[in-house]
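Colleague: So the protein lines, in turn, are chains A and B.
Counting from 1, one number per residue, gives the positions in the first sequence under the working numbering.
Counting from 440, one number per residue, gives the positions in the second sequence under the working numbering.
All C-beta atoms in this analysis are idealised placements derived from N, C-alpha and C, irrespective of residue type, glycine included.
Note that the coordinates shown come from a computational prediction; the quantities given were computed from them, not determined experimentally.
Below is the structure I would like to discuss, written out as structure tokens.
2 protein chains.
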Amino acid sequence: MEQSKASALPRVVIIGGGFGGLSAAQALSKVPVRITLVDSRNHHLFQPLLYQVATAALSDSDIASPIRRILRKQKNVEVLLDQATAIDTARNRVILAAGELAFDYLIVATGATHSYFGHEDWERDAPGLKSIEDAIEIRRRFLVAYEAAEREPDSAAVPEWLTFVIVGGGPTGVELAGAIAEVSRMILAKDFRRINTRRARIVLIEGAPRLLPAMAPESSESARKQLESLGVEVITSAMVTAIDDFGVTYAGGNIPTRTVIWAAGVAASPLGKTLGATVDGAGRVIVKDDLSVPGAPNVFVIGDLASIKQPGGQPVPGLAPAAMQMGRHVARNLARATRGGTLEPFRYVDKGTLATIGRGAAVAEIGKLRLGGFVAWLAWLLIHIFYLIGFRNRVRVLAEWAWIYLRNESGSRLITGDVEPLLERGRRGDEDRHRMMAQ
Amino acid sequence: MEQSKASALPRVVIIGGGFGGLSAAQALSKVPVRITLVDSRNHHLFQPLLYQVATAALSDSDIASPIRRILRKQKNVEVLLDQATAIDTARNRVILAAGELAFDYLIVATGATHSYFGHEDWERDAPGLKSIEDAIEIRRRFLVAYEAAEREPDSAAVPEWLTFVIVGGGPTGVELAGAIAEVSRMILAKDFRRINTRRARIVLIEGAPRLLPAMAPESSESARKQLESLGVEVITSAMVTAIDDFGVTYAGGNIPTRTVIWAAGVAASPLGKTLGATVDGAGRVIVKDDLSVPGAPNVFVIGDLASIKQPGGQPVPGLAPAAMQMGRHVARNLARATRGGTLEPFRYVDKGTLATIGRGAAVAEIGKLRLGGFVAWLAWLLIHIFYLIGFRNRVRVLAEWAWIYLRNESGSRLITGDVEPLLERGRRGDEDRHRMMAQ
Chain A
1 MEQSKASALP RVVIIGGGFG GLSAAQALSK VPVRITLVDS RNHHLFQPLL YQVATAALSD
61 SDIASPIRRI LRKQKNVEVL LDQATAIDTA RNRVILAAGE LAFDYLIVAT GATHSYFGHE
121 DWERDAPGLK SIEDAIEIRR RFLVAYEAAE REPDSAAVPE WLTFVIVGGG PTGVELAGAI
181 AEVSRMILAK DFRRINTRRA RIVLIEGAPR LLPAMAPESS ESARKQLESL GVEVITSAMV
241 TAIDDFGVTY AGGNIPTRTV IWAAGVAASP LGKTLGATVD GAGRVIVKDD LSVPGAPNVF
301 VIGDLASIKQ PGGQPVPGLA PAAMQMGRHV ARNLARATRG GTLEPFRYVD KGTLATIGRG
361 AAVAEIGKLR LGGFVAWLAW LLIHIFYLIG FRNRVRVLAE WAWIYLRNES GSRLITGDVE
421 PLLERGRRGD EDRHRMMAQ
Chain B
440 MEQSKASALP RVVIIGGGFG GLSAAQALSK VPVRITLVDS RNHHLFQPLL YQVATAALSD
500 SDIASPIRRI LRKQKNVEVL LDQATAIDTA RNRVILAAGE LAFDYLIVAT GATHSYFGHE
560 DWERDAPGLK SIEDAIEIRR RFLVAYEAAE REPDSAAVPE WLTFVIVGGG PTGVELAGAI
620 AEVSRMILAK DFRRINTRRA RIVLIEGAPR LLPAMAPESS ESARKQLESL GVEVITSAMV
680 TAIDDFGVTY AGGNIPTRTV IWAAGVAASP LGKTLGATVD GAGRVIVKDD LSVPGAPNVF
740 VIGDLASIKQ PGGQPVPGLA PAAMQMGRHV ARNLARATRG GTLEPFRYVD KGTLATIGRG
800 AAVAEIGKLR LGGFVAWLAW LLIHIFYLIG FRNRVRVLAE WAWIYLRNES GSRLITGDVE
860 PLLERGRRGD EDRHRMMAQ
């Protein structure tokens, strides 16, 4: 009965449960449509705090919530765990691993992943940070490096274990470098007997002439100063040319290290290319001003996968607020469409940009305003707590941060998975496997 | 300087940072020895709550703490992340993956893992529960089963996805069965649209004639009643003969299911066999009454790896309290030895046995006392919070439990890792891969 009523309604399929897709679904709650949200993961991830999982400050479940729990009370949406492999715009079908899904309207919000600019072989030695699995792998390598240094009988090899190189000086790279410096200096020092973690060398390498190229020069300079005061070496205008077991090579030098993190390149989700529309250099779908795909007026692309310019000509940035605005905009347009109205163009409202560096250290740009240090950090903290989904997660994250701040202890320092292969990395073959570790 | 003083002290090596090894290290804090604690993991795991990670109630970092953080303030101990592969009692050396470690006294506390009684091929379809990784893998399969049922176009296949079989009716099996029943009935129901998770079938299979064979018959009967009131099917005196993608076969029947959890067998850590001493049927080292290894008076085995009888003749049980008592006993004996004293025999003090079944449901035996239901559960809860290591973890776990109890929401429902292979499990080849999932 309810089924028969429901089956008369337009079918909206949303691919992706990130900031864009989730905002679209929630903004459609009162609209007479049947929504199916498909994601290959069961959880929405609060990516802006992912670097804190990678640096052992937060636990994965603090920043991720099951999508179906978030949408539990919204009766016009169902959630499916599945992998969308292609989109057939001619037949209005999404091709999934387990079958096909028909739609009247489609919202594609599968975002972006990291790119190695054709050096995919670097991924083995320099993992990127996009998913929970990525964060746990980086945390594993980060924490194992100190363990390896502590047990290393060859004192000449210790500095390589205590050197951490982050490639890419965007927000993620800046956040990772600052967090790794703080954890090394403030949190781990008392836990080790043989090594001094305060001596850890943290290097941030950026190809452009300055950090945070998307922000203003003052912010870049402020970020550099704040990072250097935490003991981070900042190298700019340096293109990385090689990454292997033994270190990072860039035009102008080589850094011996066993731990490299990739925070440089971003590439759009490959699903965009299956739409048959034009994509930009990063693989983003060039959409019309109402975010629809040229030639497929019932198919919309939002978030990091969409390429759209602001009236001024500059691109809409690949940030969570932009994705959420796009999701809500498409939802409003679909509401109009169900009432026979016409679709309106998307306008991005820039609410400002933030990047955090460490406790009490950050940079913020709100309109013409440029903030640095504690004020910017406080703004960052409040905004992130506010946007974090779920009361429980807000409480847990605030409690964790208070704990770290007051006790200099970080929350989640688990090493999981098989560590021996990591511990053996960068080993020259010629060592005595039976040297004494303690006399 | 301090080094030279230190190097005069006896070297105590402890292998394993579980309840036994950690208790031994802590009890040696005031004894003039140099301690090296070696573990292949960086964390101490509170195993009694591991089933709550496997059933998505708690997050891994709630029940595991880095061993070096626990021992941070104890100056006479160092912690090494390494894998002990063998023990050379003749040369007083521990062979590690990264080298050798010399000792004057050795405490082996590497515990036990699960055993498939020669059916190791069952592990693929029926993972066991001993480590954080095991718990996350079981949580993955447990949660993916509901996702698979929700997206399953073939309604005949849904019941197989919503059937969960736990093999083994000891404490772990009883706890898992009760927790899975509660999560299915109370927590997941509102989150799904197509399936009714309240209809999930949970089956607990035990080979012996009753559950919890180590406890009194009244407790077994009480546990069975409490499980059945949660909707768990209890099958006893049933030996499992086959486990595969499609289900579980036992003498007397077959249960079609795609999700099986192994909670049946326990085998001692293989390290015990390298001591050259006699081992019992489960691979436990038969130790002397002071817990030393026959023929190696400076080598002690404690915890689940030790086989020792109480004066009455019954074996000391493989429980956390017994392991902690053994660790403290060996520490006291070493303190005596450093003062030239003699070693005293170990006496196990039985403080009682507990098994929890669900919220407000448990069984407890304290001396002659037999408790069931809410009182037993309250005892279980208080004791577990009390013994959980770290103020932070106590607060987090209590908060999680309060949240689950009050809100019927469970804490950590993340599915991580590659899910498609799991979703494809038990699929007969003959299906149309392009059937419609929604009309």
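So does the segment 616-623 of chain B actually touch the segment 661-672 of chain B, counting three or more Cβ pairs closer than 8 Å?
Modeller: yes
Colleague: Beta-carbon separation of A:L388 and A:L28 under 8 Å?
Modeller: Within the first sequence, residue 388 of chain A is the residue found at index 388, counting from 1. Within the first sequence, residue 28 of chain A is the residue found at index 28, counting from 1. No.
Colleague: Are there 16 or more other CB atoms within 10 angstroms of the CB of B:G459, so buried, or fewer, so exposed?
Modeller: Translated into the one-based positions of the second sequence, residue 459 of chain B becomes position 20. Classification of B:G459: buried, given that the 10 Å Cβ count is 16 or more.
Colleague: Name the one or two DSSP bridge partners that B:P754 has.
Modeller: The sequence position of residue 754 of chain B within the second sequence is 315, counting from 1. Looking at the DSSP assignment, B:P754 forms a beta bridge with B:K748.
Colleague: Would you kindly work out how many angstroms separate the C-alpha atoms of A:H434 and B:A537, rounded to a whole number?
Modeller: Here the question's residue 434 of chain A lines up with position 434 in the first sequence. Here the question's residue 537 of chain B lines up with position 98 in the second sequence. Its pLDDT being 44, under 50, A:H434 is placed unreliably in this model, and the value from its coordinates should be taken loosely. The straight-line gap from Cα to Cα measures roughly 7 Å.
Colleague: Could you have a look at B:A536 and say whether DSSP puts it in helix, strand or coil?
Modeller: By one-based count along the second sequence, residue 536 of chain B stands at place 97. The three-state secondary structure of B:A536, taken from DSSP, is coil.
Colleague: Which residue wins for smallest C-alpha separation from B:T698, given the options B:R563, B:S504, B:K664?
Modeller: The residue you call residue 698 of chain B lines up with position 259 of the second sequence. Among B:R563, B:S504, B:K664, the Cα nearest to that of B:T698 belongs to B:R563.
Colleague: Give the straight-line distance between the Cα atoms of A:P48 and A:H384, rounded to the nearest whole angstrom.
Modeller: Position 48 of the first sequence holds residue 48 of chain A. Position 384 of the first sequence holds residue 384 of chain A. C-alpha separation (whole angstroms): 8 Å.
Colleague: So what's B:G617 in DSSP terms, helix, strand or just coil?
Modeller: For the purposes of this step, residue 617 of chain B is identified with residue 178 of the second sequence, where counting begins at 1. Residue state for B:G617 is assigned as helix, using DSSP reduced to three classes.
Colleague: Under 9 Å Cβ-Cβ, which residues of chain A neighbour B:V858?
Modeller: Looking up residue 858 of chain B in the second sequence gives position 419. Neighbours of B:V858 on chain A, chain order: S40, R41, N42, L81, Q83.
Colleague: Under 7 Å Cβ-Cβ, which residues of chain B neighbour A:V201?
Modeller: Here the question's residue 201 of chain A lines up with position 201 in the first sequence. It should be pointed out that residue 201 of chain A corresponds to Arg in this sequence rather than to Val. None at all; the shortest Cβ gap to chain B is about 21 Å.
Colleague: Are the beta-carbon atoms of A:S410 and A:I243 separated by less than 8 Å?
Modeller: For the purposes of this step, residue 410 of chain A is taken as the residue at position 410 of the first sequence. For the purposes of this step, residue 243 of chain A is taken as the residue at position 243 of the first sequence. Going by C-beta atoms, A:S410 is not nearer than 8 Å to A:I243.
Colleague: Under 8 Å by Cβ, that's how I've got B:I575 and B:A616 pegged, so tell me the actual separation to the nearest angstrom.
Modeller: One-based indexing of the second sequence puts residue 575 of chain B at position 136. One-based indexing of the second sequence puts residue 616 of chain B at position 177. At roughly 19 Å, the Cβ-Cβ gap does not stay under 8 Å, so B:I575 and B:A616 are not in contact.
Colleague: Run through chain A and tell me which residues come within less than 8 Å of B:R511, C-beta to C-beta.
Modeller: Here residue 511 of chain B refers to the residue found at position 72 when the second sequence is read from its first residue. Going along chain A in sequence order, the residues near B:R511 (Cβ under 8 Å) are K190, D191.
Colleague: Tell me, please, which residues DSSP counts as bridged to B:H482.
Modeller: Translated into the one-based positions of the second sequence, residue 482 of chain B becomes position 43. DSSP, once it has assigned bridges, lists B:P505 as partnering B:H482.
Colleague: Counting only beta-carbon atoms, is A:L49 nearer than 8 Å to chain B?
Modeller: The residue given as residue 49 of chain A occupies position 49 in the first sequence. Closer than 8 Å: no.
Colleague: Quick one, are the C-beta atoms of A:L80 and A:V144 less than 8 Å apart?
Modeller: As a first step, residue 80 of chain A must be located in the first sequence, where it is residue number 80. As a first step, residue 144 of chain A must be located in the first sequence, where it is residue number 144. Not a contact, by the Cβ cut-off of 8 Å.
Colleague: Anything in chain B within Cβ reach of A:P159, meaning under 7 Å, just list it in chain order.
Modeller: On the first sequence, residue 159 of chain A is found 159 positions in, with the first residue counted as 1. None at all; the shortest Cβ gap to chain B is about 18 Å.
Colleague: Please work out which residues of its chain come closer than 6 Å, Cβ to Cβ, to A:F46, disregarding the five sequence neighbours upstream and downstream, and give them in chain order.
Modeller: Numbered from its first residue, the first sequence carries residue 46 of chain A at position 46. Result list for A:F46: I63, L388, in chain order.
Colleague: Tell me the rounded alpha-carbon separation between B:D630 and A:R69.
Modeller: Indexing the second sequence from 1 puts residue 630 of chain B at position 191. Indexing the first sequence from 1 puts residue 69 of chain A at position 69. Straight-line Cα distance between these residues: approximately 6 Å.
Colleague: Taking a cut of 9 Å between CB atoms, which residues from the segment 551-574 of chain B lie near chain A?
Modeller: S570, I571, E572
Colleague: Could you tell me the alpha carbon to alpha carbon distance between B:I644 and B:P610, rounded to whole angstroms?
Modeller: Taking the first residue of the second sequence as 1, we reach residue 644 of chain B at position 205. Taking the first residue of the second sequence as 1, we reach residue 610 of chain B at position 171. B:I644 and B:P610 have their C-alpha atoms some 13 Å from each other.
Colleague: Just grab the DSSP bridge partners of A:W401 for me.
Modeller: The residue given as residue 401 of chain A occupies position 401 in the first sequence. Its beta-bridge partners do not exist; DSSP assigns none.
Colleague: Check for me: the beta strand (DSSP E) holding B:F739 runs from which residue to which?
Modeller: In the second sequence, counting from the first residue as 1, residue 739 of chain B sits at position 300. Where B:F739 is concerned, the enclosing beta strand (DSSP E) stretches over 735-740.
Colleague: My output table needs one value for A:P256: the three-state DSSP class, helix, strand or coil.
Modeller: Within the first sequence, residue 256 of chain A is the residue found at index 256, counting from 1. In this structure, A:P256 counts as strand in the three-state DSSP scheme.
Colleague: I'd like the list of long-range same chain contacts for A:G358, defined as Cβ closer than 6 Å, with 5 residues on each side in sequence excluded.
Modeller: Locating residue 358 of chain A in the first sequence gives position 358, counting from the first residue. Answer for A:G358: G178, E182, L230, listed in chain order.
Colleague: Using CA atoms only, rank isn't needed, just tell me which of A:T241, A:A189, A:V174, A:N393 is closest to A:T211.
Modeller: Working through the first sequence from its first residue, we reach residue 211 of chain A at position 211. Note that residue 211 of chain A is Leu in the sequence shown here, rather than Thr. Answer by Cα proximity: A:V174.
Colleague: By how many angstroms is the C-alpha of B:T602 removed from the C-alpha of B:L730?
Modeller: Taking the second sequence and counting its residues from 1, the one referred to as residue 730 of chain B is at position 291. Taking the second sequence and counting its residues from 1, the one referred to as residue 602 of chain B is at position 163. If you take the alpha carbons of B:L730 and B:T602, they lie about 44 Å apart.
Colleague: Decide if A:D154 is buried, meaning its Cβ has at least 16 other Cβ atoms within 10 Å, or exposed.
Modeller: For this step, residue 154 of chain A is matched to residue 154 along the first sequence. When all chains shown are included, A:D154 counts as exposed.
Colleague: How would you write the range of the beta strand (DSSP E) that B:F603 sits in, first residue to last?
Modeller: Translated into positions along the second sequence, residue 603 of chain B becomes position 164. Here the beta strand (DSSP E) through B:F603 covers 602-606.
Colleague: Which of the three DSSP states is assigned to A:P10 in this structure?
Modeller: Along the first sequence, one-based indexing puts residue 10 of chain A at 10. Correct three-state label for A:P10: coil.
Colleague: Tell me where the beta strand (DSSP E) around A:V232 begins and ends.
Modeller: Along the first sequence, one-based indexing puts residue 232 of chain A at 232. Note, A:V232: beta strand (DSSP E), 232-235.
Colleague: Taking just the CA atoms, how far does A:N42 sit from B:I506?
Modeller: Looking up residue 506 of chain B in the second sequence gives position 67. Looking up residue 42 of chain A in the first sequence gives position 42. Each residue's alpha carbon lies about 32 Å from the other.
Colleague: Is A:R425 buried or exposed, if buried means 16 or more other CB atoms sit within 10 Å of its CB?
Modeller: Start at 1 with the first residue of the first sequence, and residue 425 of chain A comes out as number 425. Label assigned to A:R425: buried.
Colleague: With DSSP collapsed to three states, give me the class of B:A541.
Modeller: Working through the second sequence from its first residue, we reach residue 541 of chain B at position 102. Here B:A541 sits in strand by DSSP.
Colleague: Between A:E2 and chain B, is any beta-carbon pair separated by less than 8 Å?
Modeller: Position 2 of the first sequence holds residue 2 of chain A. Unreliable positioning characterises A:E2 in this predicted model, as indicated by a pLDDT of 44, which lies under 50. The coordinate reading is nonetheless provided below. Taking Cβ atoms only, chain B never reaches closer than 8 Å to A:E2, which makes this a no.
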